[in-house]
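Per the numbering used here, the sequence shown runs over residues -13 to 72.
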Amino acid sequence: MFGLFRKKPDSSKPAPQMADINGIPLAEGDFVESLRYDLGKCRLLKTDKGFVYESLENGRQVSWLQMIDASTDQQKVKKLLPQNGH
């Protein structure tokens, strides 16, 4: 009886995108600054379980799904762009 009142999945909502908080696209190997979980600077890696952010400071890994901002559907990270000449 309780199964009758379950909310059906909303297929009209687009899937979360791999983009930083500013909308800049992210790809495997990119370096980012995490805005959650005190990870600091991280690298985006693909593992057998999917994409993860791996902290360069402590090695901790967090799934990209945990970094999704509910209001924007973008990642709570800032992409670190390479510096000119460095």
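Every residue gets a Cβ at the ideal spot worked out from N, C-alpha and C, and that includes glycine.
| message | Let me make sure I understand the geometry here. Which of Ile54, Leu12, Thr58, Ala56 has the alpha-carbon closest to that of Lys32? | response | By 1-based counting over the sequence shown, the position of residue 32 is 46. For Lys32, the nearest C-alpha among the options comes from Leu12.
| So, helix, strand or coil for Gln3, using DSSP? | Here residue 3 corresponds to residue number 17 of the sequence shown, with the count starting at 1. Correct three-state label for Gln3: coil.
| task | Alpha carbon to alpha carbon, how far is Gln52 from Leu151? Give it in angstroms, no decimals. | result | Outside the shown range of the chain (-13 to 72) lies residue 151, about which nothing can therefore be said.
| field | Close-in-space but distant-in-sequence residues of the same chain around Lys65 (CB under 7 Å, 5 per side omitted) | value | Mapped onto the sequence shown, residue 65 falls at position 79. So the list reads Asp6, Ile10, Leu12, Asp16, Val18, once near-sequence residues are dropped.
| Where Leu51 falls: helix, strand or coil (DSSP) | Looking up residue 51 in the sequence shown gives position 65. Leu51: helix per DSSP, three-state reduction.
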